[in-house]
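I have placed the structure first, in the form of structure tokens, so that the comments after it can refer back to it.
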Amino acid sequence: MSELKQLSSSEVRQMFLDFFAQHGHKIEPSASLVPVDDPTLLWINSGVATMKKYFDGSVVPENPRLVSSQKSIRTNDIENVGKTARHHTLFEMLGNFSVGDYFKQDAIPWAWELLTSPDWYGLDPEKLYITVYPKDKEARQVWEKIGIKPDHILEDEDNFWDIGRGPSGPDSEIFYDRGQEMNNLSEDDPESYPGGENERYLEIWNIVFSQFNHTPEDTFEPLPHKNIDTGMGLERVVSIFQHARTNFETDLFLPLIKATEKVSDHKVYGKASADDVSFKVIADHIRAITFAIGDSALPSNVGRGYVIRRLIRRAVVNGKKLGINDAFLYQLVPTVGEIMQAYYPEVLANADYIASVIKSEEDRFNATLNDGLDLLNATIAETKANHSDKIDGEAAFKLYDTYGFPIELTREYAEDEGLQVDEDGFDAEMHKQQNRARNARGNTKSMGVQSDFWISVKDESEYVGYDNLVVDDAKAIIVAQDETDVTEAQPSENAIEIIFDRTPFYAEMGGQVADTGAIINNLGEEVGRVTDVQHAPNGQNLHTVILSKPLKKGARYKLVVDRARHLKIEKNHTATHLLDQALRNVLGGHTQQAGSLVEQHYLRFDFNHFGSITEDDLQQVERMVNEQIWREIEIQTVETDLESAKEMGAIALFSEKYGDRVRVVKIGDFNTEFCGGDHVRNTNEIGIFKIVSEAGVGAGVRRIEAVTAEDAYKLLHDRETLLKQSAEVLKVPQIKELPHKIEALQSELKEVQRVNDSLQSKLTSQQASDVFGNVQSTNQGTLVAEQVQVNGMDQLRQLADTWRSKAVSDVLVLAAVVNDKVNLIVGVSDAKVKEGLKAGDIIKTIAPAIGGGGGGRPNMAQAGGKNPAGIDTALSQAKDFLN
7 MSELKQLSSS EVRQMFLDFF AQHGHKIEPS ASLVPVDDPT LLWINSGVAT
57 MKKYFDGSVV PENPRLVSSQ KSIRTNDIEN VGKTARHHTL FEMLGNFSVG
107 DYFKQDAIPW AWELLTSPDW YGLDPEKLYI TVYPKDKEAR QVWEKIGIKP
157 DHILEDEDNF WDIGRGPSGP DSEIFYDRGQ EMNNLSEDDP ESYPGGENER
207 YLEIWNIVFS QFNHTPEDTF EPLPHKNIDT GMGLERVVSI FQHARTNFET
257 DLFLPLIKAT EKVSDHKVYG KASADDVSFK VIADHIRAIT FAIGDSALPS
307 NVGRGYVIRR LIRRAVVNGK KLGINDAFLY QLVPTVGEIM QAYYPEVLAN
357 ADYIASVIKS EEDRFNATLN DGLDLLNATI AETKANHSDK IDGEAAFKLY
407 DTYGFPIELT REYAEDEGLQ VDEDGFDAEM HKQQNRARNA RGNTKSMGVQ
457 SDFWISVKDE SEYVGYDNLV VDDAKAIIVA QDETDVTEAQ PSENAIEIIF
507 DRTPFYAEMG GQVADTGAII NNLGEEVGRV TDVQHAPNGQ NLHTVILSKP
557 LKKGARYKLV VDRARHLKIE KNHTATHLLD QALRNVLGGH TQQAGSLVEQ
607 HYLRFDFNHF GSITEDDLQQ VERMVNEQIW REIEIQTVET DLESAKEMGA
657 IALFSEKYGD RVRVVKIGDF NTEFCGGDHV RNTNEIGIFK IVSEAGVGAG
707 VRRIEAVTAE DAYKLLHDRE TLLKQSAEVL KVPQIKELPH KIEALQSELK
757 EVQRVNDSLQ SKLTSQQASD VFGNVQSTNQ GTLVAEQVQV NGMDQLRQLA
807 DTWRSKAVSD VLVLAAVVND KVNLIVGVSD AKVKEGLKAG DIIKTIAPAI
857 GGGGGGRPNM AQAGGKNPAG IDTALSQAKD FLN
């Protein structure tokens, strides 16, 4: 037999398609990953998924013979990606299909020809093994007829494809023997066979003979038209031709790994370390992300958009582990395109767009990731310090809500540290947030769809709040209850709506919230509270009022704005203008306002910016705003025509439409903007400006929240108090010494942990001597069965390793109570495993006594439970099992 061919991934794919095209198959192009007219699927997850319309009879294909190389996404076991040789989120499935045309007599010989013919893949027949369903005598006969040796055909009860009701049938799996040098098990290991859990025998093709209908009555009736559905994983087959130990060492992944090495912190792939996992995760995820976005899916918080966001965040976190702190995934998109160009040229053609979407999402996540990781690490440390094995649900929700950590990401980090997450607690916090959001929406009143009543109201109303916060004789020219004009309104729980001829109350506009305040009659009595002000269809300020006394249409009232609240809003509004200009000066003129909210106690400013903002830039922005406050700049407002305002260099807001006359707010030579809102007279009135947070809120949109004046003082005071309390707890005389003290404590803690680990190891070794001295005799060999005192499963495994190395007995059963939970481990000597004794069988027998379950390999198994009182019973049952 000639040497194994050296084929590229493109050659392997094309050869498969060409082979079946020569046998009368129509080549179906790879469909979009986003399913069309199939609500049952989030993603196209297999080759046959795109053929369902043919197999269920809803569409008759022009040619009943079809072949495809279909890109697919599966994320049901995403946590295993990078940790195994062949788990992927995106993969290609090569498949040939027959819709009621040929069956086993053709499908099997063709598969063999493609695999072994020198004109095609040319694999050595001696290295191929076949599994068949024991009752499928016909398939076995066809395999034997084409020359497969009987000892290369194995029967397996699992070789029956069935997903419930609908088409089903036996299948044949084809395995390739990669040689013992590729194995992760000894040659005589019970799992070292085609179909076992090993790395030597690689499953490369599954041929499903769909010949039965699984009925609702749970019977299997013959189908009138038998079908063929096959699946060959491209990544797996390529690993054979490129003699790669895992799929990641092939030309489908290795260029991505090499590209990641170049941007990592001197990390190198192939060192058999945790870094290798991160390299693999990144290489895998960027392929899935690139193809998904290329097929018009976008990151979001729901459905397939959430999958993309999750993959991006997992890849970013793994980049952090490699020392990559800046956005980098987007740089890998052209590499994906180059790898796949032969069959998917559209990826390279759309690389710029795909990269821009990824970079925006990376920047958004990176902005909060470091703080989130710090909190997560601190939470993990605190959880362990409290001798708990579960991260608090409230802490997990804070990571999600504040830092954008998906619960799955927190769960993965926790599992790496041997912890769980209180997901019930997380769900409870999520429910609380949803209720808060619903309540907030319920309390917010807006104009919504305007009625004919308000459209017909054209009476003039003048806003005088720029100069006066009190109007002594405002006339109520329109009074309405339930959009009905009334002459007198009575107090009730329901609000009424009023238009005055003159008003000091600002109507919500341009991000500035509406004023609130009092309506007072000529007796000096408060008759109502203004709770909201919006613009009526014809531009008047429409007041929403809760009455405490009757109010008459045509009467005159004193209108008084809540002055303290209004002045705080003014400060925040002017600070928003300063922030807008500072961002332009620091980040560049490309930044544009994308929305704002000016409230009493804080301001929020959204702006367009593709890229994360560094801490240095943020500090520079904050200082620049404060410098304008310290300059004590007079604020000027000018009403002028639109062209004159533009000549002044006034910045137009993103969403406003301007008439012939406009209002311009000018802050010295620093900032000039169109604005109809209220502002301070001098920047010194703002007092101080402090940024509270900065984060991404959408593709290319970032958000800053900040406070001023009294609220800024309170923020700084609270932080100072916290520092002082920390200094007092740590017995540090001055706050500036805190960082040094913390570093010293961390160093001390590491040393204590090191000593503790060393002592624990010695105690475990000493305990081993005591435990292994009590060897019992049973009908199936010697047994050590004891309860021990250890800190967890790791130390149980350490004891088991010592037991195995010293060959203390034939069987080991150890139990330990850790945090009121039971850990159980069972070991069986290799000699007894060969005789048929399995650790998994023992653990399944005794685990119920401790209220748990478990499993494992024939020579080692473990279990967990919640019933410490059952330990003695479990140990006794182990001896009974062996007798």
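The working numbering puts the first residue of the sequence shown at 7, with every later residue one more than the last. Note that beta-carbon positions come from the ideal geometry of N, C-alpha and C, so glycine has one too.
Whose C-alpha, out of the options, is nearest the C-alpha of residue i?
i	options	result
I852	E514, S835, L843 and I877	I877
S362	D377, L338 and L381	L338
L805	N785, E749 and D776	D776
H414	S366, R319 and E489	His is not the amino acid found at residue 414; the sequence shown has Glu there. For the residues S366, R319 and E489, the minimum Cα distance to E414 belongs to R319.
L328	D271, M21, D358 and L728	D271
I154	M630, E119, L888 and L624	E119
L584	G674, V148 and E649	G674
N372	T620, E421, V148 and A294	T620
A333	G309, K365 and D724	K365
K798	Q786, L820, I657 and S783	Per the sequence presented here, residue 798 reads as Gly, with Lys not at that position. Ranking Q786, L820, I657 and S783 by Cα distance to G798 puts L820 first.
S811	F778, S783 and T784	F778
Which same chain residues end up closer than 8 angstroms to residue i when comparing Cβ atoms and leaving out the 5 residues on each side of it in sequence?
i	result
D684	G471, Y472, Y512, Q518, H572, I575, E576 and H579
I553	A small correction: the amino acid at residue 553 is Leu; Ile does not occupy that position in the sequence shown. Cβ neighbours of L553 beyond the five flanking positions: A495, Q496, P497, S498, I502, V533 and G534.
E645	R667, V668, R669 and V670
Under the DSSP definition of a beta bridge, which residues are partnered with residue i?
i	result
L603	R610
K827	V824
G693	According to DSSP, G693 bridges with nothing at all.
G201	Its beta-bridge partners do not exist; DSSP assigns none.
E919	Outside the shown range of the chain (7 to 889) lies residue 919, about which nothing can therefore be said.
G118	Per the sequence shown, residue 118 should be read as Trp rather than Gly. W118 is not bridged to any residue.
Q487	T490
Among residues of its own chain, excluding the 5 on either side of residue i, which ones have a beta-carbon nearer than 7 angstroms to its beta-carbon?
i	result
A446	With a pLDDT of 42 at A446, under the threshold of 50, the modelled position of this residue cannot be trusted; read the value that follows with caution. There are no such residues.
N233	F61, S104, V105, G106, P173 and S216
When the distance is taken between beta carbons, is residue j closer than 8 angstroms to residue i?
i	j	result
I210	S178	no
S467	I526	no
I288	T266	yes
T689	V670	no
A482	Y563	yes
D816	K838	yes
G924	D395	Residue 924 falls outside the range modelled here, since the chain spans only 7 to 889, and no answer is possible.
A91	T256	no
V283	G88	yes
G325	G237	no
P261	I345	yes
A520	D507	no
A791	K850	no
Which residues in the same chain as residue i place their Cβ atom closer than 6 angstroms to its Cβ, once the five residues preceding and following it in sequence are excluded?
i	result
K558	E494
D162	T137 and G201
N632	F695
L121	Y127 and L129
A607	Reading off the sequence, residue 607 comes out as His, not Ala. Closer than 6 angstroms at Cβ, skipping near neighbours: D717.
D478	K564
Which class does residue i belong to by DSSP, given the choice of helix, strand or coil?
i	result
P140	coil
F226	strand
P497	coil
Q456	Residue confidence is low: Q456 scores 38 on pLDDT, short of 50, so the model does not pin down where it sits. No coordinate-derived value is stated.
P131	helix
T620	coil
D675	coil
T450	Residue confidence is low: T450 scores 36 on pLDDT, short of 50, so the model does not pin down where it sits. Its coordinate-derived value is still stated next. Reduced to three states, the DSSP call for T450 is coil.
M654	coil
K77	strand
K564	strand
L648	helix
T802	Rather than Thr, the amino acid found at residue 802 in this sequence is Leu. L802: helix per DSSP, three-state reduction.
D395	coil
V834	strand
I330	coil
F511	coil
V796	coil
W49	coil
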